[in-house]
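Here is the structure we will look at, set down as structure tokens.
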Amino acid sequence: MTKYDWDLSKIYKNNEEIEVDKQKINEYLQIYSKEVENKDIEKVLTIAQKASKMISKLYAYSMMKKDENAKNQDSVKLSLEIEALSAKVNNVFSSLEPMIIGLDDETINKFLNTTDKKDYAQVVTRILRKKQHILSKQEEEILSVTEDIANDSENNYYMLSYADMQFGKLKNGKELSHANYINFQQDKDTELRKESFELMHDTYGKYINTFSSNYYSHVKAKEKIAKLRKFTSNRNEELFADNIDEQVYDSLIDAVTDYIPDLSKYIDYKKKKLGLEEISNYDLYVELSDKNQKKYSYEQGKTLVKEALKPLGKDYSDILANGLESNWIDVYPKDGKKSGGYSFGTYDTDPYILLNYTDNISSVFTLAHELGHSMHSYYSRKNNPYYQSNYTIFVAEVASTTNELLLFNYLKDTLKDEDEKQSIILYNLEQYRTTVFRQTMFAEFEKIVHSKVANDEALTADMLDEIYFNLNKKYYPTVSHSDGIAREWARIPHFYSDYYVYKYATGFVCASVLSQNILNADAEPIDYLNFLKDGNKNYPIEQLKMAGVDISKKETVAKALDAFVKTVNELK
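Quick note: the sequence shown uses the numbering used here, first residue 7, plus one each step.
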């Protein structure tokens, strides 16, 4: 092991330690089942915590061992065994919510009034919050059939889109696929971009009636389930989990809509730089300049990130520096190693990072991004008991994107080479376009579609195409839209994870405002650290308010997009 490898031996030193924990989990599950029968809340939550912490540690270790080398069959075998054990644990734990909900008020109140474990009390109160939406046992059994249908539609989508569909070859002889499509869309060759765009969406067009029927069935099932569970809509149900007011969703769309003229200004800049008389959908992803070719070694990348994140304060900087030298990170590509990058770990481990660092500026940004996740996890776990240590998806991308934006601003202020500076400015603007504007357009599509289905409107392929095409005209009024863009909705897998995409936009907006506040001294680093330390003690909106961001206000989105406008005006 070198300083560029993660040290997983800090989790398990040998197979004997793994086997001991596997056996302990089975023992914990037996005890858990008995305590559920006895309906002793504190004992149930205590044994559930022990089992959950242990299976999480086993799962993280086994997945990371497999990801560092998928050719190691022992690691693959272990990961499959732990996946099966994890499924068993989850199945046994499924009795927790029904047990809590089935208890009488006297038992619940006695527990809440006598326990000294605030995290246990929070588990109970958050389960009870769902009580009005839980049906009788018989009704739940019937409803589970409908839920299976809704889940089947997602599986059907993936099988059709990723297993059965073949896109064919381009004129250059290369096979078009989901994996290489973006590469063709970024190519400087206009005809290649157009051809790949048309081939992709013409192929979806051949199956569009199947995709529309499948998606309509999914939305219809989700809306019916929501109504049966006494929610006003599927959106109401999905936002309920994080205690998000639906006004936050609508405010995002309204605020982003106000900045469409500024997005158009950026698109017009693209058109001019590309030398086009009119710009089409297949021109939006093309690189405007040669990528920043400057090499950044990993050691140089670390230095840049540490310097960029100094505004977060000494405590953050010291922990970060220690992590960078403590084998948190598996740095370089290797034979059999998983591609991409991620942050992973559990309550009882370091917040590990998998990278595939390749000495370019993109790798530096990935390092900053994943360190944002790992530092969030570090603070959350170190400052909370287990049940309050896992932050929500709603805030998950805030810390990582804040790091990226701090790095962007640092580089913009310190780079001497104008081409390098222009390259990172364009990178930043594409983040705004694809993460704020595009994801908000997706969010508006979901809102329209679900609303129509909730009002008992049947949706055909032509209707879905029309809705999506009109939204593209709204968000990109200066673009010459190809017919194929109407069918793009059919290739977006996130639409089967209802009301998920808006979180990408809100996360980026919050990160933009946070980074501005930190750099302009409008907020103290301690406020941001308190946000990182909160885990899930508070709901996301309240957590973000701690850091000085109120995402429920339209003005917050406006402040983030004002930064976009300012950067557009800096283009040369």
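For every residue, glycine included, the Cβ atom is placed at its ideal position computed from N, Cα and C. All figures in this text were calculated on a predicted structure; none of them were measured in a lab.
Q: Kindly provide the ranges of any beta strand (DSSP E) runs that are 3 or more residues long and lie completely inside the stretch 107 to 184, ordered along the chain.
A: With a minimum length of 3 residues, no continuous beta strand (DSSP E) run stays inside the stretch 107 to 184.
Q: Please state whether DSSP places residue 413 in a helix, a strand or coil.
A: Along the sequence shown, read from residue 1 onward, the residue named residue 413 stands at position 407. If DSSP states are grouped into helix, strand and coil, residue 413 belongs with the helices.
Q. Which one or two residues does DSSP pair with residue 451 in a beta bridge?
A. Residue mapping note: residue 451 aligns to position 445 of the sequence shown, counting from 1. For residue 451, which the question treats as bridged, DSSP gives no partner whatsoever.
**Q.** Assigned exposure category for residue 119 - 16 Cβ within 10 Å defines buried
**A.** Along the sequence shown, read from residue 1 onward, the residue named residue 119 stands at position 113. With fewer than 16 Cβ atoms within 10 Å of its Cβ, residue 119 is classed as exposed.
Q.
Per DSSP, what are the beta-bridge partners of residue 367 in this structure?
A. Against the sequence shown, residue 367 aligns to sequence position 361. Within the DSSP secondary-structure output, residue 367 pairs in no beta bridge.
Q: Could you tell me if residue 518 is buried or exposed, where buried requires 16 or more neighbouring beta carbons within 10 angstroms of its beta carbon?
A: Locating residue 518 in the sequence shown gives position 512, counting from the first residue. Buried: at least 16 other Cβ atoms inside 10 Å.
Q. Apart from the five residues just before and just after residue 337, which ones in its own chain have a Cβ nearer than 8 Å to its Cβ?
A. Position 331 of the sequence shown, counted from the first residue, corresponds to residue 337. Within the same chain, Cβ atoms closer than 8 Å to the Cβ of residue 337 are found at 10, 11, 304, 361 and 363, the five residues on either side in sequence being excluded.
Q) Among 430, 485 and 385, which one has its Cα closest to the Cα of residue 324? A) Within the sequence shown, the letter at position 318 stands for residue 324. Ranking 430, 485 and 385 by Cα distance to residue 324 puts 385 first.
Q. If you scan the stretch 493 to 552 from start to end, which runs of the beta strand (DSSP E) of 3 or more residues do you find wholly inside it?
A. Correct list: empty.
Q: Compare the C-alpha of residue 445 against each of 20, 412 and 506 and name the closest.
A: Indexing the sequence shown from 1 puts residue 445 at position 439. For residue 445, the nearest C-alpha among the options comes from 506.
Q: Could you tell me whether the Cβ atoms of residue 106 and residue 134 are closer together than 8 Å?
A: As a working note, residue 106 is residue 100 in the sequence shown. As a working note, residue 134 is residue 128 in the sequence shown. The answer is yes: Cβ separation under 8 Å.
Q: Might you give, ordered along the chain, the residues of its own chain that have their beta carbon closer than 8 Å to the beta carbon of residue 188, omitting 5 neighbours on each side?
A: Along the sequence shown, read from residue 1 onward, the residue named residue 188 stands at position 182. Only 291 meet the Cβ criterion.
Q. Among 251, 249, 170 and 288, which residue has its Cα nearest to the Cα of residue 197?
A. Mapped onto the sequence shown, residue 197 falls at position 191. It is 288 whose Cα lies nearest to the Cα of residue 197.
(Q) Looking at the strands, I want to know which residues DSSP matches up with residue 350. (A) Sequence index remark: in the sequence shown, residue 350 carries index 344 (1-based). Beta-bridge pairing by DSSP links residue 350 to 358.
Q: Tell me whether the beta-carbon of residue 515 lies closer than 8 Å to the beta-carbon of residue 442.
A: By one-based count along the sequence shown, residue 515 stands at place 509. By one-based count along the sequence shown, residue 442 stands at place 436. Result yes, Cβ atoms of residue 515 and residue 442 sit closer than 8 Å.
**Q.** Extent of the continuous alpha helix (DSSP H) run through residue 232
**A.** Translated into the one-based positions of the sequence shown, residue 232 becomes position 226. From DSSP, the alpha helix (DSSP H) with residue 232 extends over 214 to 234.
Q | Helix, strand or coil at residue 250 according to DSSP, with G and I counted as helix | A | One-based indexing of the sequence shown puts residue 250 at position 244. In the structure shown, residue 250 sits in coil (DSSP, three-state: anything other than H, G, I, E or B).
Q. For residue 341, which three-state DSSP category applies?
A. What you label residue 341 is simply residue 335 of the sequence shown in a count that begins at 1. The answer is coil: DSSP assigns residue 341 none of H, G, I, E or B.
Q. With C-beta atoms as the reference, is residue 407 less than 8 Å away from residue 513?
A. Here residue 407 refers to the residue found at position 401 when the sequence shown is read from its first residue. Here residue 513 refers to the residue found at position 507 when the sequence shown is read from its first residue. It is a contact, given that the beta carbons lie within the stated cut-off.
Q. Are the stretch 255 to 269 and the stretch 494 to 501 touching, with three or more C-beta to C-beta distances below 8 Å?
A. As far as the Cβ criterion goes, the stretch 255 to 269 does not touch the stretch 494 to 501, which means the pair count is below three.
Q. Could you give the residue range of the alpha helix (DSSP H) that holds residue 294?
A. Mapped onto the sequence shown, residue 294 falls at position 288. In this chain, residue 294 is not harboured by any alpha helix (DSSP H), its DSSP state being neither H nor E.
Q | Simplified DSSP state of residue 430, which is helix, strand or coil | A | By 1-based counting over the sequence shown, the position of residue 430 is 424. Correct three-state label for residue 430: helix.
Q) Shortest alpha-carbon distance to residue 405 belongs to which of 62, 132 and 381? A) Taking the sequence shown and counting its residues from 1, the one referred to as residue 405 is at position 399. Comparing Cα-Cα distances from residue 405 to each of 62, 132 and 381, the minimum goes to 381.
Q: In angstroms with no decimal places, state the Cα-to-Cα distance between residue 63 and residue 139.
A: Translated into the one-based positions of the sequence shown, residue 63 becomes position 57. Translated into the one-based positions of the sequence shown, residue 139 becomes position 133. Residue 63 and residue 139: Cα-Cα distance of roughly 33 Å.
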